[in-house]
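J.:
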Amino acid sequence: MTQDNIPRSSEDIRESFLAFFEKYQHRRMPSAPLIPKNDPTLLFTNAGMVPFKDFFLGQRQPPHDRVTSVQKCVRAGGKHNDLEWVGVTPRHHTFFEMLGNFSFGDYFKREAIAFAWEYLTDVVQLSPKRLWITVFETDDEAVDYWRETAGPDVCILRLGEAENFWSMGDTGPCGPCSEVIYDRGERHRCSAETCAIGACDCDRWLEIWNLVFMQYDRDEAGELHPLEQTGIDTGMGLERMASVLQNVASDYDTDLFRPLIAALEKLTGHQYAGTDVRADFAFRVIADHIRACAFLIADGVFPSNEGRGYVLRRILRRAYRFGVELGFEEPFLWQLIDTVVDQLGGIYPELRERQAFMRDILRKEEARFAETLDQGMALLEEVIQKTKANGNTTIGAAEAFILYDTFGFPIDLLEDVAFERGLSVDREGFEEKMAVQRQQARAARGGDGFELDADATARALGDLPETQFAGYDALEDEAEVLALLQKDGRSSRAGAGEDVHVVLDRTPFYAEAGGQVGDSGLLEGSDVTVHIRKAWSLGDGRILHTGEVKDGVLVPGVTVRAQVDAGRRLEIARHHTATHLLHAILREVLGSHVQQAGSLVVEDRLRFDFTHPDPVSPDQQREIERRVNDVILSAHPVHIRQMPREQAVAEGALALFESQYQEHVRVIDIPGVSAELCGGCHVQNTAELGLFKILSESSVGAGLRRLEAVVGWGVIDWLRRREDVLAQMAALMESTPEALPERLEDVLAEKRALSRRVQQLESELGQVQVDALLEDAIEVAGIRVLAAQVEVPDVERLREMADAFRAKLKSAAVILAQSEGEKVILVGAATPDAVSKGIDMGRLVRELGQTLGGGGGGRPDMAQAGGSQPEKLPVLLKKARCKMKARLE
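Just remember that my numbering sits 18 ahead of the position in the sequence shown, which is counted from 1.
(1) Determine the closest residue to H549 out of I561, C699, L572, G559, with distance taken between C-alpha atoms.
(2) Please state whether DSSP places S555 in a helix, a strand or coil.
(3) With H, G and I counted as helix, E and B as strand and the rest as coil, what does DSSP make of V845?
(4) For E33, which residues of its own chain have a beta-carbon under 8 Å away from its beta-carbon, when the five flanking residues on both sides are left out?
(5) Please classify L242 as buried or exposed, where buried requires at least 16 other C-beta atoms within 10 Å of its C-beta.
(6) If you run the structure through DSSP and keep just helix, strand and coil, what is K284?
(7) Taking Cβ positions, are I796 and K903 nearer each other than 9 Å?
(8) Contact check, G489 vs T547 under 8 Å by CB: the rounded distance?
(9) Taking the alpha carbon of I379 as the point to measure from, which residue in P574, S538, Y366, L354 has its own alpha carbon closest?
(10) Please report how far the alpha carbon of E399 lies from the alpha carbon of V803, in whole angstroms.
(11) Which residues does DSSP pair with I413 in a beta bridge?
(12) Between V85 and N119, is the Cβ-Cβ spacing less than 9 Å?
(13) Would you grab the beta carbon distance between L229 and T252 for me? Rounded to a whole angstrom, and I think it's under 8 Å.
(14) Between S28 and D273, is the Cβ-Cβ spacing less than 9 Å?
(15) Could you check if Q660 is buried or exposed, using at least 16 other CB atoms within 10 Å of its CB as the buried criterion?
(16) I believe T869 touches K890 by the beta-carbon criterion, under 8 Å. Please report the beta-carbon distance rounded to the nearest angstrom.
(17) Quick one: measure Cβ to Cβ for L432 and E383, integer angstroms, because I've assumed they're closer than 8 Å.
(18) Smallest Cα separation from E542: which of L522, R774, G363, R560?
(19) Alpha carbon to alpha carbon, what distance is there between L256 and E115?
(20) By the three-class DSSP mapping on this structure, what secondary structure does T901 have?
(21) Below 9 Å between beta carbons: does that hold for L503 and S509?
(22) Go to C173, then tell me how far its beta strand (DSSP E) extends in each direction, as first and last residue.
(23) Look up G532 in the DSSP assignment and say whether it is helix, strand or coil.
(24) Determine, using beta carbons only, whether R815 and V729 come nearer to each other than 9 Å.
(25) Can you round the beta-carbon distance between R372 and W352 to whole angstroms, since I take them to be within the 8 Å contact cut?
(26) Taking 9 Å as the threshold (C-beta atoms), are G871 and G885 in contact?
(27) Does the Cβ-Cβ distance between R645 and V612 come in under 9 Å?
(28) Rounded to the nearest angstrom, what separates A291 and F346 at their Cα positions?
(29) Per DSSP, N228 forms a beta bridge with which residues?
(30) Can you check whether the CB of L624 is closer than 9 Å to the CB of H594?
(31) Along the chain, where does the beta strand (DSSP E) that runs through K41 open and close?
(32) Tell me which same chain residues have a C-beta within less than 6 Å of the C-beta of D583, skipping the five on either side of it?
(33) Tell me the DSSP secondary structure of T405 in three-state form.
(34) What are the boundary residues of the alpha helix (DSSP H) that includes W135?
(35) Quick check: what's the CA-CA separation for V88 versus I650?
(36) Measure the CB-CB distance between F350 and G364 and report whether it falls below 9 Å.
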């Protein structure tokens, strides 16, 4: 705290807020990751309440009735997108921190209002005269509580649904809200005569806190129904509160941004808040965007062309482009990572843990985009000139799509540049082309065409209870068939040969989750058998068993014997345990920055995606294999424990993909090697894995690598296949497997000798052709001119022959052609004196290539082109000789 006891630094504001609500029995919760867990409706955590949605919906039990948090948020994609406002206003950001207090069925409006007023007027000591309150127009209850708390003179405005009614979505929990507005004073007032709260969005009226009173459930018809359990969700932006308490005009003047701006000033030599308005804008954009880049990468998002990765790439590239405007010619954003870490690494330790990794990812992505920007801007300039020349003011969708699809040129960047040049972009047409491309990609991926939409299925099942999973302890169980689903929805029967989804009251079948595939097996009743291909979850605790009725008729209400394919389950469990071992060993060998980014566990292999900037070298792969196999052969026990999440994390268990606030968790513990939160199936001892073998290593995106591996019988199968290949090679080479290296060396030596002899003969043949064609060369102005078709095996020999002509003739202009099938290759060569007299092989050969249905080009003295219409070649060569002759004359 500062001497006047008012928290003013951003660090003090965070702590004062959390401590204040702890005083009122709120549990302090850590920030959840920026990637929401099990929430396909959101790209990013964009508000403080996102990690608590399940508690508000009543789908999970909260850890406490009252909690408080400082949540890291990103609003740069999807429904909530502030990207285009960044730098334009003093208060919009892609990344920000949201302070909040929450109640799950405990206190409601009166207490929430009292807490807010006490914090604002007593803790941070804002003047009540500068605070305005807005409420939903019919919320008389909130008005009464504000007057009760703040006094009869408090300024209260009633506003409509657009301003003061909050919804989680089109349906679901919602309710009126109340915003606290801070009056920054007359000097921030805009020039509009109607300047006022609700009628103006100028910098005078700053919303600093929003109190949401969740008390309704909106159905699909739009009707509001009272919730059984009301809730409180509040949000206060740290950046805005810091600007108020530090008495600065903009968030960018607070201690959250000034260190970054100072670092940019040092790197560029420019001064912020100087006379260059465009430079100031660039400073603000870069300072904002680098924070978002750092936090997104630290939370496992990597640059790509879709989803979250595309948003990150868009933010990064936008920042880089503004850096170019400040004079940067090389990657620079990565140099700002250290400043972000120095500021926030103590509060968010993931930044410090992945500092070097973040720098490396940014540096490589910047370098990649620098090439894209140069190429794309050159092509864009051509597009702009062509658009204007045709009298148009809109860049067409086709041109925009080519820039994006071929050069990776972001559509938003295209729109920025077009706007600066007085043009627009056919965004609607571009999106249509993107939709077609996505549809084609989905079609290429294919699918079994049988899976149902999860939401539609959940609605069809109504209020059926959760499926009780018994598969950890048994692979067979008696179960009741609760419902059947087929392509047309709920079904009363399924006969032999029909596909069906089966819902049971309990099951030993593991539903696909956490990278592990679902179990397969049988359902057997007295008169029916169903082959189950896989089990999968609706995400609400209910498990569907997808399969085919082999004989008999299946109807709801019957009892069946559910039997998991035990052999397949064991192989899956082996590969799942191996995945945990691989993760742990990767962190040992490559570094603690390694973080799981996805996995697939099936019966015959495992696939593991992880964060790492460089390829895993063969030596590193061998070391990883050695260490994993050492653990396997040491026969480590595999312990499975249930414990409070906080205890598991405190004991060092990895919790990368578990819900941030789940109270009790399942820990897979291999003592001294690995401890990880996981709901999957595992062996009891590492010795059951047999052996471990890496099959492949590859890249799946910027900063993302993939390993595929096998264990157990998979290794035996792999060895057998290699033995078979080795035996076949030995037979072909008339050798033994042991003697193959020596025999191959002999064969390669013979091949090299033969290759040298072939090259010698081809060269001699080329010389013969050169000598034979010399007589066809004509002399024009002292330059020997030749255009002829020759027989050579490849373009390399064609270039050698052109050089040979040029050397023999001393002063020459030569065009040689070679054709094979439908392919034509042209090479042009000219001596310096021929070039000085007007010969330009680059232009001439390019024209010939275009006439042949292809293209090419090069320098005036040496050029190459290709085409696909060899029937035109004789006539074209005559024309080429005439053109060279005319040029020299």
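Using N, Cα and C, we set each Cβ at its ideal position, and we do this for glycine too.
T.: In terms of the structure at hand:
(1) L572
(2) strand
(3) strand
(4) P25
(5) exposed
(6) helix
(7) yes
(8) Contact flag wrong, Cβ pair sits at about 20 Å.
(9) L354
(10) 39 Å
(11) V443
(12) yes
(13) 5 Å
(14) yes
(15) exposed
(16) 7 Å
(17) About 19 Å; that fails the 8 Å criterion.
(18) L522
(19) 6 Å
(20) The residue you asked about is not Thr; residue 901 is Lys in the sequence shown. DSSP places K901 in helix when its eight states are reduced to three.
(21) yes
(22) 173-177
(23) coil
(24) no
(25) Going by Cβ atoms, the distance from R372 to W352 rounds to 13 Å, so no, they are not a contact pair.
(26) yes
(27) no
(28) 19 Å
(29) E197, G253
(30) yes
(31) From DSSP, K41 is part of no beta strand (DSSP E) but of the alpha helix (DSSP H) over 28-41.
(32) S538, G539
(33) helix
(34) 127-136
(35) 42 Å
(36) no
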